[in-house]
Amino acid sequence: MADQQEILSGLAEIVNEETGLDPAEVQMDKSFTDDLDIDSLSMMTIVVNAEEKFGVRIPDDEVKNLATVGDAVNFIQSNQG
Amino acid sequence: MSERRVVITGLGATTPLGGTIAETWEGILAGRSGAKPLPEDMLERYELPVHFACTIAQDPSEVLEKVQIRRMDPSAQYAVIAAQAAMVDAGSPELDPERLGVAIGTGIGGVWTLLDQWDVLREKGVRRVFPLAVPMLMPNTSSGNVSLLLGARAGAHTTVSACASGAESMGTGYEMIRQGRADMVVAGGTEAAMHPICFAGFSQMQALSTRNDDPTAASRPYDTGRDGFVMGEGAGVMVLEEYEHAKARGARIYAEFAAIGMSADAHHITAPEPEGAGASRAMLEAVERAGLTAKDIVHVNAHATSTPVGDVAEANAIRRAFGADADGMAVSATKSMTGHLLGAAGALEGLFTTLAVHHRVAPAAINVDDLDPKIDLDVVRGEHRTLPDGDIAALNNSFGFGGHNVAFVVKSV
Numbered sequence: 089m090a091d092q093q094e095i096l097s098g099l100a101e102i103v104n105e106e107t108g109l110d111p112a113e114v115q116m117d118k119s120f121t122d123d124l125d126i127d128s129l130s131m132m133t134i135v136v137n138a139e140e141k142f143g144v145r146i147p148d149d150e151v152k153n154l155a156t157v158g159d160a161v162n163f164i165q166s167n168q169g
Numbered sequence: 002m003s004e005r006r007v008v009i010t011g012l013g014a015t016t017p018l019g020g021t022i023a024e025t026w027e028g029i030l031a032g033r034s035g036a037k038p039l040p041e042d043m044l045e046r047y048e049l050p051v052h053f054a055c056t057i058a059q060d061p062s063e064v065l066e067k068v069q070i071r072r073m074d075p076s077a078q079y080a081v082i083a084a085q086a087a088m089v090d091a092g093s094p095e096l097d098p099e100r101l102g103v104a105i106g107t108g109i110g111g112v113w114t115l116l117d118q119w120d121v122l123r124e125k126g127v128r129r130v131f132p133l134a135v136p137m138l139m140p141n142t143s144s145g146n147v148s149l150l151l152g153a154r155a156g157a158h159t160t161v162s163a164c165a166s167g168a169e170s171m172g173t174g175y176e177m178i179r180q181g182r183a184d185m186v187v188a189g190g191t192e193a194a195m196h197p198i199c200f201a202g203f204s205q206m207q208a209l210s211t212r213n214d215d216p217t218a219a220s221r222p223y224d225t226g227r228d229g230f231v232m233g234e235g236a237g238v239m240v241l242e243e244y245e246h247a248k249a250r251g252a253r254i255y256a257e258f259a260a261i262g263m264s265a266d267a268h269h270i271t272a273p274e275p276e277g278a279g280a281s282r283a284m285l286e287a288v289e290r291a292g293l294t295a296k297d298i299v300h301v302n303a304h305a306t307s308t309p310v311g312d313v314a315e316a317n318a319i320r321r322a323f324g325a326d327a328d329g330m331a332v333s334a335t336k337s338m339t340g341h342l343l344g345a346a347g348a349l350e351g352l353f354t355t356l357a358v359h360h361r362v363a364p365a366a367i368n369v370d371d372l373d374p375k376i377d378l379d380v381v382r383g384e385h386r387t388l389p390d391g392d393i394a395a396l397n398n399s400f401g402f403g404g405h406n407v408a409f410v411v412k413s414v
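Note that the protein sequences, when read in sequence, are chains A and B. Taking the working numbering, the leading residue of the first sequence gets 89, the next gets one more, and so forth. Taking the working numbering, the leading residue of the second sequence gets 2, the next gets one more, and so forth.
Structure (structure tokens):
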């Protein structure tokens, strides 16, 4: 099981791969849309890559609740199988 | 409104001969072939009868960001590289985004993305299909991406007429400026169709050369030994600009885009009409609309793909259009070096036609060792031909499956 820090850095790698953003920018309090400028299409790719990396299922209905990086990290942490 | 004239002020390309138009033109003047062997694993897996193609010389990742590569089909990557280079060549002009347009044609569009993502769906399921699959595979993916990158808002268009697409898009750009919809248009064509299905499909038509023992000699338009075309890929883009606009900013003007002529054969879905009736009408229309006569045309960049039937049909069409005046036209067959870039072919050749007028040189075709007696044209081979001083004009021919005929005239300024 990955801890919070591992999930954050793993997610930062995925975001970097998809958008080219510096992984250091990907912090818990950052909003995907407002701070990181990630659109819904990129978000889908990030979600699917995160599912694969962390072995979780993130339902489409849940994605809209993941406003910040912290929301995603917490969701992944509490749903890891 | 007085007649708006359209001039060519920037050129950009990425081709089988080089990552820039300068390198490509150098290759053309040096008589280099862009043919290279295809990857072994692809040949073995699909047992393709053709073992070579004019693949692109430069890896796009040398120029584009990793994220751009991920989010654009190769056809759009090539278009973006060529369009950016063309704008730089035009002096990176600042203008109102609503006066800058885009017209990028393609023959096949995002075929790699379409088939890659189909493989992903079958092998890994729907969740793994890339959310950008649709905007990457659509034929207008290149004009959309170029518009986005340049902030061009006058309009972004995509012409699709098989191997005439690139030439037709230059006509679209020309019309946008003539009609006052834009002052500058980035216009051209792109193609990235080196997918096994394209080789398989064209092979089944018997359209491709199978000279596997000598790939650089395979593309040989007008030669008696020709046995089909050689697949090429890449993009060619020109910056078209309203004449007064170009003058006012002191732009370097390569030549004038003088007119375009178009017609359709309505004869057969792939075979050209053998007497060249439709093709000759397009050529005549272009010359007439340019306000010129056949005697003004000193050079033709022919479509000349190196197929046994197509080359003769075009030669007949040129004769039919211009009669004895065709004797005064130095005919170049640059596909002997670049291969056939399909939807980018007419665009890249439009760049060559422009440079031929600008530098007053008609490039020599390679591999024309034994000129087919059925070709009654002054084919430039062996050595380049110097074009005359004074006012000159040249014709660029492009034809596509579907019976599309496109010819445009470039003249000296």
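Where is the CB? At the ideal position from N, CA and C, for every residue including glycine. As the structure is a computational prediction, the values presented were derived from the model and not from experiment.
Practice task
Could you check if B:Y47 is buried or exposed, using at least 16 other CB atoms within 10 Å of its CB as the buried criterion?
Solution key: Around the beta-carbon of B:Y47, fewer than 16 other beta-carbon atoms lie within 10 Å, marking it exposed.
Handout entry: is_contact[B:F409, chain A] using C-beta, thresh 8 Å
Key = Interface criterion not met: the Cβ of B:F409 is under 8 Å from no Cβ in chain A.
Handout entry: First through last residue of the beta strand (DSSP E) which encompasses B:S264
Key = Here the beta strand (DSSP E) through B:S264 covers A256 to A265.
Practice task
Taking 8 Å as the cut-off, decide whether the C-beta atoms of B:V188 and B:M263 are in contact.
Solution key: Here the sequence assigns Ala to residue 188 of chain B, which means Val is not the residue at that position. No, the pair does not count as a contact, with Cβ atoms beyond the cut-off.
Handout entry: Proximity below 8 Å, CB of B:G174 to CB of B:A104
Key = Yes; because the gap between Cβ atoms is below 8 Å, this pair is in contact.
Exercise for the section: For B:P98, count neighbouring Cβ atoms within 10 angstroms of its own Cβ and tell me buried if that reaches 16, exposed if not. Expected result: With fewer than 16 other Cβ atoms within 10 Å, it is exposed.
Practice task
Would you decide whether A:I102 is buried or exposed? Buried here means 16 or more other CB atoms lie within 10 Å of its CB.
Solution key: Buried, because 16 or more other Cβ atoms sit within 10 Å of the Cβ of A:I102.
Problem - Cα-Cα separation, B:A14 to B:G28 - result: Answer to the nearest angstrom: the Cα atoms are 13 Å apart.
Exercise for the section: Below 7 Å between beta carbons is the criterion; list the residues of the segment 147-159 of chain A that meet it against any residue of chain B, in chain order. Expected result: For the segment 147-159 of chain A, the set of positions with a beta-carbon nearer than 7 Å to some beta-carbon of chain B is empty.
Exercise for the section: Report yes if the CB atom of A:V151 is closer than 8 Å to the CB atom of A:M131, and no otherwise. Expected result: Yes, the Cβ-Cβ distance between A:V151 and A:M131 is below 8 Å.
Practice task
Show which residues of chain A have a CB atom less than 9 Å away from the CB atom of B:P132.
Solution key: Simply S128, L129, S130, M131, M132, T133 and V136.
Problem - Cβ pair B:D373, B:D328 closer than 8 Å - result: Against a cut-off of 8 Å, the Cβ pair of B:D328 and B:D373 comes out as no contact.
Problem - N- and C-terminal bounds of the alpha helix (DSSP H) containing B:G347 - result: B:G347 -> alpha helix (DSSP H) spans A346 to H360.
Problem - Segment contact, 8 Å Cβ cut-off, at least three pairs: the segment 265-274 of chain B with the segment 396-408 of chain B - result: Segments in contact, yes.
Practice task
Would you be able to state if there are at least three C-beta pairs under 8 Å between the segment 279-291 of chain B and the segment 246-264 of chain B?
Solution key: The segment 246-264 of chain B is in contact with the segment 279-291 of chain B.
Practice task
Determine, using beta carbons only, whether A:A160 and A:L109 come nearer to each other than 8 Å.
Solution key: Cβ atoms of A:A160 and A:L109: not closer than 8 Å.
Exercise for the section: Could you check what DSSP says for B:V310 in three-state terms: helix, strand or coil? Expected result: Note: B:V310 maps to helix in three-state DSSP.
Exercise for the section: Tell whether a beta-carbon distance below 8 Å holds between B:M195 and B:A54. Expected result: Yes. Within cutoff.
Handout entry: Extent of the continuous beta strand (DSSP E) to which B:L396 belongs
Key = A394 to G401 is the extent of the beta strand (DSSP E) around B:L396.
Exercise for the section: Show which residues of chain A have a CB atom less than 7 Å away from the CB atom of B:V68. Expected result: The contacting residues are T107 and G108.
Problem - Cα-Cα separation, B:A345 to B:Y79 - result: Taking the straight line joining both Cα atoms gives about 10 Å.
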